[in-house]
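As structure tokens, the structure follows; a few thoughts come after it.
Protein chains: 2
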Amino acid sequence: MARWEGDAAGRLREAAMELYASRGFEQTTVAEIAARAGVTARTFFRHFADKREVLFAGSETLQETMVSALAGATGGPMDAVGAALDACTPFLGRDHAYSRRRQAVISANAELRERELIKMERLSAALAEGLRQRGVPEPDASLAAQAGIGVFHIAFARWVEAETDTGLAAQMRDAFTRMRALAQP
Amino acid sequence: MARWEGDAAGRLREAAMELYASRGFEQTTVAEIAARAGVTARTFFRHFADKREVLFAGSETLQETMVSALAGATGGPMDAVGAALDACTPFLGRDHAYSRRRQAVISANAELRERELIKMERLSAALAEGLRQRGVPEPDASLAAQAGIGVFHIAFARWVEAETDTGLAAQMRDAFTRMRALAQP
Chain A
0 MARWEGDAAG RLREAAMELY ASRGFEQTTV AEIAARAGVT ARTFFRHFAD
50 KREVLFAGSE TLQETMVSAL AGATGGPMDA VGAALDACTP FLGRDHAYSR
100 RRQAVISANA ELRERELIKM ERLSAALAEG LRQRGVPEPD ASLAAQAGIG
150 VFHIAFARWV EAETDTGLAA QMRDAFTRMR ALAQP
Chain B
0 MARWEGDAAG RLREAAMELY ASRGFEQTTV AEIAARAGVT ARTFFRHFAD
50 KREVLFAGSE TLQETMVSAL AGATGGPMDA VGAALDACTP FLGRDHAYSR
100 RRQAVISANA ELRERELIKM ERLSAALAEG LRQRGVPEPD ASLAAQAGIG
150 VFHIAFARWV EAETDTGLAA QMRDAFTRMR ALAQP
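Chains as they are written, first to last, in numbering that gives the first Met the number 0: chain A, 0 to 184; chain B, 0 to 184.
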């Protein structure tokens, strides 16, 4: 958690996570999060649109990182998707303990689980658009993107489910290789 | 629409679809749907839990059909997933015009789009469970299921997007074959 200390966004995120975990996401208010972080509600709203966004801030960075890696990759459509998956792991896999706590909060709330699925769907659409810009025709662009998001989904789930940090990069590469092997006719 | 005539569930479905399309899903009440179908609200609730379920009734049948085909298939995990995808097309692809109208209603409403994503995620979990029962270990079972649902998603979208009925079975087979080809290392 040391990485969050010293900045308001980090303190707010930490305070929110503690409250969501102890009393539940629905029962927590922005005022309570701000008070626990030692800032005003006004400061909260400078950093996050609402209490849900505390959990999903960073989605744009994640998407940009993946799309940029996809654009710069060599090889076929699935190689490019593999590069996008590899590129997100330093960012997404940097704090196993935090990711586990976040996942526990999301799993306990239907609205948050839905939000997570929508985020995945947007990511898939962004990868498909990136593939089309590489000249990959439809439906191949969307199919490769869907396969990639499937890998992302399962690799991330395995990584957060394990009590010890097995390394998101290794999980992602393993799932990607397995998916390709499984698809062999 | 002839298939729906003569039974209350079919009339209710038709009435709901007309109202959702003309005035929007949110602005339509169960009382209005029932009145238009010439039945009581009580009859509505004998067939559907709420106005959303009119659009999603049949999800269980779809899932059972796919899981059953997966269980009875020969070959590897992806062959079994392919059998599940083929099995759903006679049921899901029987009425192109109805499916297009339904999709237009869903696309126009965020809550319904979320519901559709959740349905897909449940279907993926059911296929993964079916694969585990075939002896496929994790994470392969979940990865093959995710790939299959990705194919399902794209093939269905292409089928409903086209103004003429290109045949869901053909779209599904084409997308499945393309996905396997794309995954080749």
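Glycine included, each C-beta is placed from N, C-alpha and C at the ideal position.
Practice prompt. Could you tell me the distance, in whole angstroms, from the CA atom of A127 of chain A to the CA atom of V104 of chain B?
Written response: 24 Å
Worksheet item: Using 9 Å as the limit for Cβ to Cβ distance, is I32 of chain B near chain A?
Response: no
Worksheet item: Given A14 of chain A, which residues of its chain have a CB within under 6 Å of its CB, disregarding the five upstream and five downstream residues?
Response: I32, R35, A36
Item to complete: For S98 of chain A, collect the residues of the same chain with a Cβ closer than 6 Å to its Cβ; drop the 5 residues on either side in sequence, then sort them by chain order.
Response: V159
Practice prompt. For V29 of chain B, collect the residues of the same chain with a Cβ closer than 6 Å to its Cβ; drop the 5 residues on either side in sequence, then sort them by chain order.
Written response: A40, F43, K50
Item to complete: Closer than 8 Å by beta-carbon distance: list the chain B residues that pair up with V104 of chain A, in chain order.
Response: Correct list: empty, because the minimum Cβ distance to chain B is about 18 Å.
Worksheet item: What number of angstroms, rounded off, separates the C-alpha of T165 of chain A from the C-alpha of G92 of chain A?
Response: 10 Å
Worksheet item: Mind checking F90 of chain B: buried by the 16 CB within 10 Å criterion, or exposed?
Response: exposed
Practice prompt. Tell me, please, whether the CB atom of V243 of chain A is closer than 9 Å to any CB atom in chain B?
Written response: The shown model of chain A, from 0 to 184, leaves out residue 243 of chain A, and the question about it has no answer.
Worksheet item: Cα-Cα, which of A:E110, A:A144, A:G9, A:Q170 is closest to R177 of chain B?
Response: A:A144
Fill in: Distance CB(C87 of chain A)-CB(A68 of chain A) smaller than 9 Å
yes
Worksheet entry | Beta carbon of L54 of chain A nearer than 9 Å to that of R101 of chain A | yes
Worksheet item: Just the Cα atoms here: how many angstroms apart are Q26 of chain B and Y19 of chain B?
Response: 8 Å
Worksheet item: If you draw a straight line from the alpha carbon of A8 of chain A to that of H95 of chain A, how long is it in whole angstroms?
Response: 19 Å
Worksheet item: Which class does E13 of chain B belong to by DSSP, given the choice of helix, strand or coil?
Response: helix
Practice prompt. Run down chain A in chain order and give the residues with a C-beta less than 8 Å from the C-beta of A174 of chain B.
Written response: P138, L142
Worksheet item: Buried or exposed: Q183 of chain A, going by 16 or more other Cβ atoms within 10 Å of its Cβ?
Response: exposed
Practice prompt. Show which residues of chain B have a CB atom less than 7 Å away from the CB atom of Q62 of chain A.
Written response: Chain B residues near Q62 of chain A: none, gap ~17 Å exceeds 7 Å.
Worksheet item: In or out: R179 of chain A buried (at least 16 other Cβ within 10 Å) or exposed?
Response: buried
Discussion item. Could you tell me the alpha carbon to alpha carbon distance between A79 of chain A and L130 of chain A, rounded to whole angstroms?
Written reply: 8 Å
Practice prompt. Between the Cα of D139 of chain A and those of B:L181, B:E59, B:A56, spot the shortest distance and give me the residue it belongs to.
Written response: B:L181
Practice prompt. Starting from L84 of chain A, find everything on chain B with Cβ-Cβ shorter than 8 Å and list it in chain order.
Written response: Here the premise fails: no neighbours, minimum Cβ distance about 13 Å.
Worksheet entry | G74 of chain B classed as buried or exposed, judged by whether at least 16 other C-beta atoms fall within 10 angstroms | exposed
Practice prompt. List the whole-angstrom C-beta distance separating I153 of chain B from S123 of chain B, where the pair is believed to meet the contact cut-off of C-beta under 8 Å.
Written response: With a Cβ gap of about 14 Å, I153 of chain B and S123 of chain B do not count as contacting.
Discussion item. If I measure Cβ to Cβ from M77 of chain B and keep anything under 6 Å in the same chain, skipping five residues before and after, which residues do I get?
Written reply: A143
Practice prompt. Specify the secondary structure class of E137 of chain A as computed by DSSP and reduced to three states.
Written response: coil
Discussion item. Quick check on P76 of chain A - is its C-beta less than 9 Å from some C-beta in chain B?
Written reply: yes
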